[in-house]
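Chemist: Dropping a structure here in C-alpha cells format, bear with me for questions.
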Amino acid sequence: MADSQRRPVEQVIVEYIHLPQVEEPVGGEIDGLDDEELLQAVEMQLPATEVAQMQQLLDWQQIRPLTHFEREKLLALVELEGEITIRKAYALLEASKRGILPDHLRP
Numbered sequence: 017m018a019d020s021q022r023r024p025v026e027q028v029i030v031e032y033i034h035l036p037q038v039e040e041p042v043g044g045e046i047d048g049l050d051d052e053e054l055l056q057a058v059e060m061q062l063p064a065t066e067v068a069q070m071q072q073l074l075d076w077q078q079i080r081p082l083t084h085f086e087r088e089k090l091l092a093l094v095e096l097e098g099e100i101t102i103r104k105a106y107a108l109l110e111a112s113k114r115g116i117l118p119d120h121l122r123p
C-alpha cells in the first residue's frame, strides 16, 4: 500500500494500524520514553552493515543452499528487522498520540 501511494511505510502504519492495548512485544515500554527517545525509536533502522549482510545472504540463497550458519544468521537478521519494525510501529503510534510525529511522516 505504501508503494502504490508513494508514501513511507511508517506513515501508512500510523494512519491505518490500530494496535490493541497489550503489552508491547519488543523493546520495553514505548509510552515511558521521553519525546527525544521516542523520536529516536521512530527513526530506528537496521544498521547498514546488517542490511548488506542480509541482502548478501538472500542473494546467495537464490543461487545455492545456505550453510547452517548462513541460514541461522539470515533468520536472526530477519527477526531483528521484524523487531525493529514492530518497535517503530509502536513508537509511531505513540508519537502520533503525543502530536510529535516528524514532518516527513505526516500525511
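Going by my numbering, the sequence shown opens with residue 17, and the numbers climb by one from there.
A virtual CB, placed ideally from N, CA and C, is assigned to each residue, including glycine.
Note that the coordinates shown come from a computational prediction; the quantities given were computed from them, not determined experimentally.
(1) Would you mind working out which of LEU82, LEU117, LEU108, HIS120 sits nearest GLN46, comparing C-alpha positions?
(2) Throw me the rounded Cβ distance for the LEU93 and MET70 pair, which I believe falls under 8 Å.
(3) Give the single residue among LEU96, GLY115, PRO63 whose Cα lies nearest to the Cα of ASP51.
(4) Hey, out of GLY48, THR65, VAL58, LEU82, whose CA is closest to GLU99's CA?
(5) Which two residues bound the contiguous alpha helix (DSSP H) that contains ILE116?
Modeler: Considering the structure as presented:
(1) Going by the sequence as given, residue 46 is Ile instead of Gln. Selected option, being the one with the closest Cα: LEU108.
(2) The Cβ separation is near 4 Å, so the contact holds.
(3) GLY115
(4) VAL58
(5) Segment: none, ILE116 is in no alpha helix (DSSP H) and carries neither H nor E.
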